[in-house]
Amino acid sequence: MLSSSAVFTLNLGVTMFGYGADATGLHSLTKFSSDAESQRNAFTNTPTVLYVRRDRSDRHRVANVFDSNGNKIYTFERRTMFSPIWSMYNADRLEVATVKVGIIHRSIDFHMKPEIKHREMALSLGYGGLSRMFYLNDGAPYEWSRASKYLERIVNPGGGSEEIRQRVAFVRLMRQLKFDFELLVDETEIDLEVALTTSYIAMNTLWGIGEQVETTGPTKVFPFISEKFYEDEEYIQSREVGMVYSYDSQDGDVDPVEIKKCGSSTVAAELEVERLCMDKAARTDESSQCEPGSTVNN
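Residue 1 is where the sequence shown starts when you use full-length UniProt numbering, and the numbers rise one by one after that.
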């Protein structure tokens, strides 16, 4: 009970500090850049997007996690508003992790990851400001920054120009004074549930909800299109969108009727059809109208 109350007080204090800093124009003074000499690798353009929001009917005990299509895929739940222990359930109501959000001790127990059963999150204070740090099996420290809100994997920490920081996740506050966060995760660099659980601790103990929100909506993520070639025909697949449709490699025709919807973003597939249409028109000097969703005929 005391631990939970302390976390609530800490989060309230951080929120009030952030709100006051924004209101007085001093927010920029609270951001530091001690690692300016580090080599920083850019964040991916095709992240997985999640939204973490407190439940309206029980905001002190339940937080919901939605995917980019609005489907609830995880929930964080605790028995009472005074408990520092949160259980994370998946859509099948299986407890996948137990998260302790304490003022002194912060830890995560993963129940379905034998390779990373238990992880501690430590407070780090340096020239770059406050951060929450943890380790995975690769031996590199991972750090959630209070200033940038990026999760970075640090190679050769403290090595100056030889220090490498790979950005693997990012968090944004969507609404001021509301527990409503957007989480972007590069799943090629870090496990989704690891990024989610560690960010949830940082949301409660590091960032607060008082900063001025400048976003106009969810981050727009463009799908990654990969092409696979076969002798008879070519299948173009979008891993992020979940679209599969056929393409004849000999005559260059793309039939939108053959588009099989596996996800929800038909627009991405139509844009790819348009791109193929215009490529074929350029090769054959055709002046046909290439509209999204149209078919190219020889």
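For each residue, glycine too, the CB sits at the ideal point set by N, CA and C.
Checklist entry - From which residue to which residue does the beta strand (DSSP E) around Ile-108 run? => result Counted from its first residue, the sequence shown places residue 108 at position 108. 106-110 is the extent of the beta strand (DSSP E) around Ile-108.
Item to check | CA nearest to the CA of Thr-15, picked from Glu-214, Thr-219, Leu-206, Ser-83 | outcome: In the sequence shown, counting from the first residue as 1, residue 15 sits at position 15. Checked all of Glu-214, Thr-219, Leu-206, Ser-83; the closest Cα to Thr-15 is Leu-206.
Item to check | For Val-65 and Ala-216, the rounded distance between their alpha carbons | outcome: Here residue 216 refers to the residue found at position 216 when the sequence shown is read from its first residue. Here residue 65 refers to the residue found at position 65 when the sequence shown is read from its first residue. The question names Ala, yet the displayed sequence has Thr at residue 216. When only Cα atoms are considered, Thr-216 and Val-65 end up about 20 Å apart.
Checklist entry - In chain order, what residues of the same chain have a beta carbon less than 6 Å from the beta carbon of Ile-201, not counting five sequence neighbours either side? => result By one-based count along the sequence shown, residue 201 stands at place 201. Counting only Cβ-Cβ distances below 6 Å, and skipping sequence neighbours, we find Val-101, Arg-106, Met-121.
Item to check | Cβ distance (whole Å) where Thr-219 is taken to contact Val-49 below 8 Å | outcome: Here residue 219 refers to the residue found at position 219 of the sequence shown. Here residue 49 refers to the residue found at position 49 of the sequence shown. So it is a contact: roughly 6 Å between Cβ atoms.
Next on the checklist: At the level of alpha carbons, what is the spacing between Lys-72 and Ser-124?
Outcome noted: Looking up residue 72 in the sequence shown gives position 72. Looking up residue 124 in the sequence shown gives position 124. The straight-line gap from Cα to Cα measures roughly 32 Å.
Next on the checklist: Please give me, in chain order, every unbroken run of the alpha helix (DSSP H) with length at least 4 that falls completely inside the segment 49-112.
Outcome noted: none
Checklist entry - Skipping 5 residues on each side, what residues in its chain have a beta carbon closer than 6 Å to that of Leu-29? => result Position 29 of the sequence shown holds residue 29. Note that Leu-29 scores 48 on pLDDT, short of 50, meaning its location in the model is unreliable; the coordinates nonetheless yield the value given after this. If we look at Leu-29 and ignore the five residues flanking it on each side, it has no Cβ neighbours.
Next on the checklist: Using the Cβ count rule (16 or more neighbours within 10 Å means buried), how would you classify Asp-58?
Outcome noted: Locating residue 58 in the sequence shown gives position 58, counting from the first residue. Answer is exposed; the Cβ neighbour count stays below 16.
Item to check | Distance between Ile-103 and Pro-84 (C-alpha atoms, nearest Å) | outcome: Along the sequence shown, read from residue 1 onward, the residue named residue 84 stands at position 84. Along the sequence shown, read from residue 1 onward, the residue named residue 103 stands at position 103. Answer to the nearest angstrom: the Cα atoms are 9 Å apart.
Checklist entry - Which residues in the same chain as His-60 place their Cβ atom closer than 6 Å to its Cβ, once the five residues preceding and following it in sequence are excluded? => result By one-based count along the sequence shown, residue 60 stands at place 60. Correct list, in chain order: Met-81.
Item to check | Pairwise C-alpha distance: Glu-214 and Val-171 | outcome: Reading the sequence shown from its first residue, position 171 is the one you call residue 171. Reading the sequence shown from its first residue, position 214 is the one you call residue 214. Cα to Cα, Val-171 sits roughly 13 Å from Glu-214.
Item to check | For Leu-192, the first and last residue of its enclosing alpha helix (DSSP H) | outcome: As a working mapping, residue 192 is identified with position 192 in the sequence shown. Per DSSP, Leu-192 belongs to the alpha helix (DSSP H) from 192-202.
Item to check | Backbone secondary structure at Asn-11 - three-state DSSP | outcome: The residue given as residue 11 occupies position 11 in the sequence shown. Residue state, collapsed to three classes: helix.
Item to check | Residue of Leu-184, Glu-95, Leu-196 minimising C-alpha distance to Thr-46 | outcome: Counted from its first residue, the sequence shown places residue 46 at position 46. Among Leu-184, Glu-95, Leu-196, the Cα nearest to that of Thr-46 belongs to Leu-184.
Next on the checklist: For Met-203, tell me which candidate among Arg-56, Arg-119, Ser-145 has the shortest Cα-Cα distance.
Outcome noted: Sequence index remark: in the sequence shown, residue 203 carries index 203 (1-based). Measuring from the Cα of Met-203, the nearest candidate turns out to be Ser-145.
Next on the checklist: Cutting at 6 Å between CB atoms, please list the residues of its own chain near Asp-186, excluding the five before and the five after it.
Outcome noted: For the purposes of this step, residue 186 is identified with residue 186 of the sequence shown, where counting begins at 1. Closer than 6 Å at Cβ, skipping near neighbours: Thr-44, Pro-47, Val-168.
Item to check | 6 Å CB neighbourhood of Ser-68 in its chain, flanking five on each side removed | outcome: Locating residue 68 in the sequence shown gives position 68, counting from the first residue. Closer than 6 Å at the Cβ level, and outside the excluded window around Ser-68, lie Val-49.
Checklist entry - In terms of alpha-carbon separation, which member of Asn-11, Leu-12, Thr-9, Arg-40 lies closest to Ser-148? => result Stepping through the sequence shown from its first residue, residue 148 is reached at position 148. The shortest Cα separation from Ser-148 among Asn-11, Leu-12, Thr-9, Arg-40 belongs to Arg-40.
Checklist entry - Expressed to the nearest angstrom, what Euclidean distance is found between the alpha-carbon atoms of Tyr-51 and Phe-181? => result Translated into positions along the sequence shown, residue 51 becomes position 51. Translated into positions along the sequence shown, residue 181 becomes position 181. Whole-angstrom Cα-Cα distance: 6 Å.
Next on the checklist: So for Leu-206, helix, strand or coil by DSSP?
Outcome noted: Counted from its first residue, the sequence shown places residue 206 at position 206. In this structure, Leu-206 counts as helix in the three-state DSSP scheme.
Checklist entry - So Ala-122 is in the beta strand (DSSP E); what residue range does that whole segment cover? => result The residue you call residue 122 lines up with position 122 of the sequence shown. Run containing Ala-122: 122-126, per the beta strand (DSSP E) assignment.
Checklist entry - What is the residue span of the beta strand (DSSP E) that Leu-130 lies within? => result Here residue 130 corresponds to residue number 130 of the sequence shown, with the count starting at 1. 129-135 is the span of the beta strand (DSSP E), which, as asked, contains Leu-130.
Next on the checklist: Spatial neighbours of Asn-11 within its chain, please: C-beta separation below 7 Å, excluding the five flanking residues on both sides.
Outcome noted: On the sequence shown, residue 11 is found 11 positions in, with the first residue counted as 1. Hits under 7 Å: Asn-204, Thr-205, Gly-208.
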